[in-house]
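Novice: Numbering (the working numbering), first residue to last: 242 to 1098.
Shown below is the structure under consideration.
Listed below in structure tokens is the structure:
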């Protein structure tokens, strides 16, 4: 039904809940509100007699402790007079309503109040179900159903007898209102309607029947006692196709009805055929075939024959699809029809979209395919299924290439840091359930900077490639090696014997470096490296700590004269670690006490507000100046810096030590507290901007962080919805189950979350729909190469499409030039952030003027 024709009777005693429901429904329906159950009991008998009831639904809120009036209302709704009315009942616990026999009532839905925003969608579906049910009833019958409407009992008896004798199924009604009610419950093909009736006349009834989808198909004829131009004109305008007269002969009357009946049967056949063709057409893809309910092939299009290697349709018709081409898994393991998912979908009449499986071309070659299956019904009879599929071999190869690109270092072809850290985290989880030990090696070349400065970066790259190849040859099948970045490498050694064994293995890797003779353009260079080792066992808490320990051991090896291997010992290496950290722990603690940190703010700009013409070459002299003047910022990322005398220190210098000494929770709280102070001042001034605040995994692990945050928001009168917490992608993936309550508690108050540096891990693409985030921040490493690397461009395009499909925004980090902006805008990225667009500053400047210069603390 059209939204404008539908009417809702809303029964809800609570003013608050009634207001909520009215707001949810008023855009789509006309609403009559009933403010008490007693009023509803009095209103419904009058309502069901009204004309408006034929296009109405009832929405009713029910308390868990139903009183006598509620029980009476439920009995009324279960009565025969109301069985055609769609009913939606809302309760805190809908299961408590099932005892009222409403579960057996057609056109009824029970919902919890938590889902109230879906009310309009559910009501539309109830209306559609009503119409579909009548349509199936009509198409499933071979009889012609006639509705005869006349307020004269003599006319009704005479004409119904005449029609019944000629094989028609006839029902009669004595008024337009009664006819409308009957048409709600049964599908009629022909309506014979007296023009002159008490109440609504025949033309008015025609118009109503034409206006409702489930009766619009009816062939309507007006029956009148005499010819009058105004009656004929009004009736035809109202939708009647015939005007018949009560004084004409029975033979002529029956001939007219027979003509209408032929038209009905022809139209019914057309609709049945249309259903069949629609089912086929809606499933069309590269290859299409049909099966009967037992899985036997009924047709196959030429594309499917070609893809599967069959010469013609005769080779497949009548044969089982399972036996012909989906008889085994991708590894060749045979399946039976009972264990084959696709075959069971044939038998059960399931509808599936976008599923993947393996077909076998010529019965020998595995072919990855994506398929959709749609059941085919004629009336209410299940007639089989239509399957549309496409060969996705090229896509699979491309996905494998993407997966490789995401997990590997492009220069050395070794695994990259992200993959290594994920593998290390998985190994630590495995060791929790094992008595085995493993080890991580952290290797740093000793004279790499000298080689780079002396022979150039090409020489440095060549050395890294050669070292990588040699390290790979030393690995056991269970070990991993990765380039962490620069001249740093890491090795994961699984199942090692103990400290002595690990130290020996570390020295073997060190000797690989020492024995390397590197020559570049006639120049020879000695190569050595320092190796730090950290043992892993069931007491190791995290990959971050393990890497930090190995890094510290590497630093100690360098202190001991380089070209050394050192095994980390927590008791003996404390002093060396303090030296390595250069007193970071004390400096951080002092900064926390004395407000020695500073907050900087970098704007996040909406791409849809940046005119494409501005991105043309030469359009503006200075991009940053243009954006500052013309694109007001509504969101800012809050960035942390450490103030040390006259030096401003980037967090990458002190965050590793803060993590080691468990100072991150205190830093997180300092940042959040001072960000809320600043945001409060902005809001009081009328600048309702949003802050994106980085949050460490340790903050998520604090039991009361969510409580503290919400209390702090309240203290500074900041609505939590203006805060977006940015959390690293890998931290989200590892915490989204264990800290689900924290995410839920904050989300319920309006806090949003961003997956930061998204895209480093290929597995995260498949996890995106499960992440509790509203925004995805694309990793800057991907954005850096977007202009010249088609792989990175495709990755961003896929990520943006997937994010938008899931209702999430995208932000591109490291946007540094017009070429990148142009490409990102083409790909549909929502927001951008980068030093070339806006440099981090101590001022929050949303309206293109200096607004605030807040000293942190």
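Note that beta-carbon positions come from the ideal geometry of N, C-alpha and C, so glycine has one too.
1) Using 8 Å as the threshold, is the segment 838 to 845 in touch with the segment 878 to 886, meaning 3 or more CB pairs across them?
2) What would DSSP say about residue 1064, mapped onto helix, strand or coil?
3) So, helix, strand or coil for residue 560, using DSSP?
4) Could you say if the segment 657 to 669 and the segment 730 to 747 meet the contact criterion of at least three C-beta pairs nearer than 8 Å?
5) Taking 8 Å as the cut-off, decide whether the C-beta atoms of residue 478 and residue 459 are in contact.
6) Among residues of its own chain, excluding the 5 on either side of residue 433, which ones have a beta-carbon nearer than 6 Å to its beta-carbon?
7) Between the alpha carbons of residue 784 and residue 689, how many angstroms are there, rounded?
8) Tell me whether the segment 644 to 657 and the segment 563 to 581 touch, counting them as touching only if at least three CB pairs, one residue from each stretch, are closer than 8 Å.
9) At the level of alpha carbons, what is the spacing between residue 597 and residue 639?
10) Does the segment 941 to 957 touch the segment 900 to 916, meaning 3 or more C-beta pairs lie closer than 8 Å?
11) Can residue 683 and residue 794 be called in contact, C-beta distance under 8 Å?
12) Which two residues bound the contiguous beta strand (DSSP E) that contains residue 484?
13) According to DSSP, what are the bridge partners of residue 632?
14) Measure the C-alpha to C-alpha separation of residue 670 and residue 679 and round it to an integer number of angstroms.
15) Provide the residue span of the alpha helix (DSSP H) that contains residue 654, from first to last.
16) Where does residue 736 fall in DSSP's three states?
17) With a threshold of 16 other CB atoms inside 10 Å of the CB of residue 781, please say whether the residue is buried or exposed.
18) If you scan the segment 950 to 1003 from start to end, which runs of the beta strand (DSSP E) of 3 or more residues do you find wholly inside it?
19) Measure the beta-carbon distance from residue 436 to residue 444 and round it to whole angstroms, keeping in mind my assumption that it falls under 8 Å.
20) State buried or exposed for residue 453, treating a residue as buried only when at least 16 other CB atoms are found within 10 Å of its CB.
21) Express the C-alpha separation of residue 751 and residue 1060 in angstroms, rounding to a whole number.
22) How far does the beta strand (DSSP E) with residue 354 in it extend, from its first residue to its last?
23) So, at 6 Å on beta carbons, what are the nonlocal neighbours of residue 528 in its own chain, with the 5 sequence-adjacent residues on each side left out?
24) How many Å lie between residue 834 and residue 996 at the Cα?
25) Near residue 1015, which residues of its chain fall below 7 Å by C-beta distance, leaving aside the five closest residues on each side in sequence?
26) Starting from residue 931, follow its DSSP beta bridges and name the residues at the other end.
27) With 16 as the cutoff for other CB atoms within 10 Å, does residue 1096 come out buried or exposed?
28) Under the rule that 16 or more other beta-carbon atoms within 10 Å means buried, what is residue 1076, buried or exposed?
29) What separation, rounded to the nearest whole angstrom, lies between the Cα atoms of residue 988 and residue 721?
30) According to DSSP, simplified to helix, strand and coil, what is residue 296?
31) If we count Cβ pairs, one from each stretch, closer than 8 Å, do we get three or more for the segment 392 to 400 versus the segment 422 to 429?
32) Apart from the five residues on each side of it in sequence, which residues of its chain come closer than 6 Å, Cβ to Cβ, to residue 252?
33) Give the DSSP-derived three-state secondary structure of residue 906 in the structure shown.
34) So residue 747 and residue 681 are supposed to be a Cβ contact under 8 Å. How far apart are they, rounded?
35) State whether the segment 920 to 940 contacts the segment 852 to 870, with contact taken as three or more CB pairs (one from each stretch) at a distance under 8 Å.
36) I'd like to check one pair, residue 335 with residue 351: are the Cβ atoms closer than 8 Å?
Specialist: Taking the structure as given:
1) yes
2) Working through the chain shown from its first residue, we reach residue 1064 at position 823. Residue 1064 falls in the helix class under three-state DSSP.
3) Numbered from its first residue, the chain shown carries residue 560 at position 319. DSSP places residue 560 in coil when its eight states are reduced to three.
4) yes
5) For the purposes of this step, residue 478 is taken as residue 237 along the chain shown, with counting starting at 1. For the purposes of this step, residue 459 is taken as residue 218 along the chain shown, with counting starting at 1. Not in contact: residue 478 and residue 459 (Cβ atoms no closer than 8 Å).
6) Along the chain shown, one-based indexing puts residue 433 at 192. Around residue 433: 389, 462 and 464.
7) Here residue 784 refers to the residue found at position 543 when the chain shown is read from its first residue. Here residue 689 refers to the residue found at position 448 when the chain shown is read from its first residue. So the alpha carbons of these two residues sit roughly 27 Å apart.
8) no
9) In the chain shown, residue 597 corresponds to position 356, counting from 1. In the chain shown, residue 639 corresponds to position 398, counting from 1. So the alpha carbons of these two residues sit roughly 16 Å apart.
10) yes
11) Looking up residue 683 in the chain shown gives position 442. Looking up residue 794 in the chain shown gives position 553. Going by C-beta atoms, residue 683 is nearer than 8 Å to residue 794.
12) The count along the chain shown starts at 1 and reaches residue 484 at position 243. 483 to 486 is the extent of the beta strand (DSSP E) around residue 484.
13) For this step, residue 632 is matched to residue 391 along the chain shown. DSSP, once it has assigned bridges, lists 610 as partnering residue 632.
14) For the purposes of this step, residue 670 is taken as residue 429 along the chain shown, with counting starting at 1. For the purposes of this step, residue 679 is taken as residue 438 along the chain shown, with counting starting at 1. Between residue 670 and residue 679, the C-alpha separation is close to 12 Å.
15) For the purposes of this step, residue 654 is taken as the residue at position 413 of the chain shown. That residue, residue 654, is in no alpha helix (DSSP H); it is neither H nor E in DSSP.
16) Indexing the chain shown from 1 puts residue 736 at position 495. The answer is strand: DSSP assigns residue 736 an E or B state.
17) Along the chain shown, read from residue 1 onward, the residue named residue 781 stands at position 540. Under this definition residue 781 is a buried residue.
18) 964 to 969 and 993 to 999
19) Sequence index remark: in the chain shown, residue 436 carries index 195 (1-based). Sequence index remark: in the chain shown, residue 444 carries index 203 (1-based). Right, their Cβ atoms sit about 7 Å apart.
20) Locating residue 453 in the chain shown gives position 212, where the first residue counts as 1. Classification of residue 453: buried, given that the 10 Å Cβ count is 16 or more.
21) Locating residue 1060 in the chain shown gives position 819, where the first residue counts as 1. Locating residue 751 in the chain shown gives position 510, where the first residue counts as 1. Their backbone Cα atoms lie some 44 Å apart in a straight line.
22) Counting from 1 along the chain shown, the entry for residue 354 is found at position 113. Residue 354 -> no beta strand (DSSP E), and no H or E assigned at all.
23) Residue 528 sits at position 287 when you count from the first residue of the chain shown. Excluding sequence neighbours, residue 528 sits near 544, 545, 548 and 630.
24) As a working note, residue 834 is residue 593 in the chain shown. As a working note, residue 996 is residue 755 in the chain shown. Straight-line Cα distance between these residues: approximately 31 Å.
25) Taking the first residue of the chain shown as position 1, residue 1015 is located at position 774. Contacts found: 993, 994, 1049 and 1050.
26) Your numbering for residue 931 matches position 690 in the chain shown. 876, per the DSSP bridge assignment.
27) On the chain shown, position 855 is the one that residue 1096 refers to. Unreliable positioning characterises residue 1096 in this predicted model, as indicated by a pLDDT of 33, which lies under 50. A coordinate reading is not provided.
28) The sequence position of residue 1076 within the chain shown is 835, counting from 1. Residue 1076 is exposed by the Cβ-count criterion.
29) As a working mapping, residue 988 is identified with position 747 in the chain shown. As a working mapping, residue 721 is identified with position 480 in the chain shown. About 39 Å.
30) For this step, residue 296 is matched to residue 55 along the chain shown. Three-state result, residue 296: helix.
31) no
32) For the purposes of this step, residue 252 is taken as the residue at position 11 of the chain shown. Closer than 6 Å at Cβ, skipping near neighbours: 275, 281 and 301.
33) Residue 906 sits at position 665 when you count from the first residue of the chain shown. The answer is helix: DSSP assigns residue 906 an H, G or I state.
34) Translated into positions along the chain shown, residue 747 becomes position 506. Translated into positions along the chain shown, residue 681 becomes position 440. Between residue 681 and residue 747 the Cβ distance is about 10 Å, and since that is not below 8 Å, they are no contact.
35) no
36) To locate residue 351, count along the chain shown from 1; it is residue 110. To locate residue 335, count along the chain shown from 1; it is residue 94. Yes, the Cβ-Cβ distance between residue 351 and residue 335 is below 8 Å.
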